[in-house]
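J.: The structure is given below, and queries will be raised subsequently.
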Amino acid sequence: MKVRTTLLAGMAAVFLCAGGCAHDRQLRQRLDVLEQELADSRAAQQRLERRLDEVQIQLATLGRRLAPPPAAVIEGPARREVPVATNGSESAGEDLDEEQIASLLDEADRLLREGRRDRAEIRLSRFLERFSGHPLAARAYLLRGKIRFLDGRLDTARADFKSSLAHTGEDREQAAEALLFAGRCDERLGHLQEAKNTYLQLVQAYPLSRQAAEANKRLGVIR
Numbered sequence: 002m003k004v005r006t007t008l009l010a011g012m013a014a015v016f017l018c019a020g021g022c023a024h025d026r027q028l029r030q031r032l033d034v035l036e037q038e039l040a041d042s043r044a045a046q047q048r049l050e051r052r053l054d055e056v057q058i059q060l061a062t063l064g065r066r067l068a069p070p071p072a073a074v075i076e077g078p079a080r081r082e083v084p085v086a087t088n089g090s091e092s093a094g095e096d097l098d099e100e101q102i103a104s105l106l107d108e109a110d111r112l113l114r115e116g117r118r119d120r121a122e123i124r125l126s127r128f129l130e131r132f133s134g135h136p137l138a139a140r141a142y143l144l145r146g147k148i149r150f151l152d153g154r155l156d157t158a159r160a161d162f163k164s165s166l167a168h169t170g171e172d173r174e175q176a177a178e179a180l181l182f183a184g185r186c187d188e189r190l191g192h193l194q195e196a197k198n199t200y201l202q203l204v205q206a207y208p209l210s211r212q213a214a215e216a217n218k219r220l221g222v223i224r
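The opening position of the sequence shown corresponds to residue 2 in the numbering used here, with each subsequent residue numbered one higher.
Here it is as structure tokens:
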């Protein structure tokens with residue numbers, strides 16, 4: 002009788018454990034499903050935000066193309082108005098003062114620091130579309146290049162760093178940073194000779210910069 006009671010108790014424990022384990026598996030499966038749904042929802046939201054920004058850029062571009070060009074008055078006997086020739090690009094001011102233009106770039110920089118690289122890249126592309134001839138374009142190219150570098154888009158990142166270098170004036174820090182990242186792109190792409198040349202250019206042009214110190218380290222690795 003005692004043995005039978007013990008067996009029954011053992012069987013009950015097994016059944017209870019089996020039921021509990023099955024319940025735990027169901028809970029874990031349900032949690033996995035919920036986590037996946039949440040991830041899908043976040044991805045969909047990010048895609049929607051990117052699409053909205055793209056639409057805004059397209060609308061702004063279309064509005065500028067459809068807007069009539071300003072007219073200039075030519076003095077003379079006939080005195081008539083003729084349209085001013087345009088090349089399809091806007092002037093750097095575009096009715097914004099320098100502080101407002103800088104604030105547009107600062108906003109993109111803030112998004113980048115927050116880790117919102119997709120939105121930051123859209124803002125930077127919008128800035129470069131509007132103010133490609135502005136002195137701050139060099140910084141915009143540099144920031145967008147860093148985003149693309151982090152995302153592994155090395156060819157386009159390298160092009161941005163080269164553009165930043167071409168637009169950089171007297172800002173030695175910015176020029177050194179553009180050279181360093183251009184070299185890192187070449188290095189990761191397997192273009193080791195190009196990377197060496199870029200690092201050497203950086204070391205020779207800005208020998209006391211922190212970027213030159215990093216370039217020397219990279220030269221020691223890839224030699």
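Backbone N, C-alpha and C fix where the C-beta goes; we use that ideal spot for every residue, glycine too.
1) How many angstroms separate the CA atom of Lys197 from the CA atom of Arg185?
2) Just to confirm my understanding: we take Ala213, look at its own chain, exclude 5 residues before and 5 after, and list those with CB closer than 8 Å. What are they?
3) Quick one: grab the DSSP three-state call for Thr169.
4) Just the C-alpha distance for Lys218 and Leu28, rounded to the nearest angstrom, thanks.
5) Under 8 Å between the Cβ atoms of Pro183 and Arg159?
6) Flag this pair as yes or no: are the beta carbons of Asp161 and Arg145 separated by less than 8 Å?
7) According to DSSP, is Ser90 helix, strand or coil?
8) Mind checking Ser165: buried by the 16 CB within 10 Å criterion, or exposed?
9) Among the candidates Leu181, Glu130, Glu171, Ala141, whose CA atom is the shortest distance from the CA of Arg211?
10) I need the straight-line Cα distance from His192 to Ile223, nearest angstrom please.
11) Secondary structure at Gly116, three-state DSSP: helix, strand or coil?
12) Tell me the rounded alpha-carbon separation between Gln57 and Val34.
13) Which whole runs of the beta strand (DSSP E) in the segment 161-224 are 3 residues long or more, in chain order?
T.: Reading from the atomic positions:
1) 10 Å
2) So the list reads Ala177, Leu203, Val204, Tyr207, once near-sequence residues are dropped.
3) coil
4) In this structure, the straight-line span from the alpha carbon of Lys218 to that of Leu28 is close to 51 Å.
5) Correcting the residue type first, residue 183 is Ala in the shown sequence and not Pro. Their beta carbons are under 8 Å apart, which means Ala183 touches Arg159 by this criterion.
6) yes
7) Note on Ser90: pLDDT 39, under 50, position unreliable in the model; no value is reported.
8) buried
9) Leu181
10) Roughly 11 Å between the two C-alpha positions.
11) Here Gly116 sits in coil by DSSP.
12) For Gln57, the predicted model reports a pLDDT of 49, less than 50, meaning its position is unreliable; a value from the coordinates is still stated below. C-alpha separation (whole angstroms): 35 Å.
13) none
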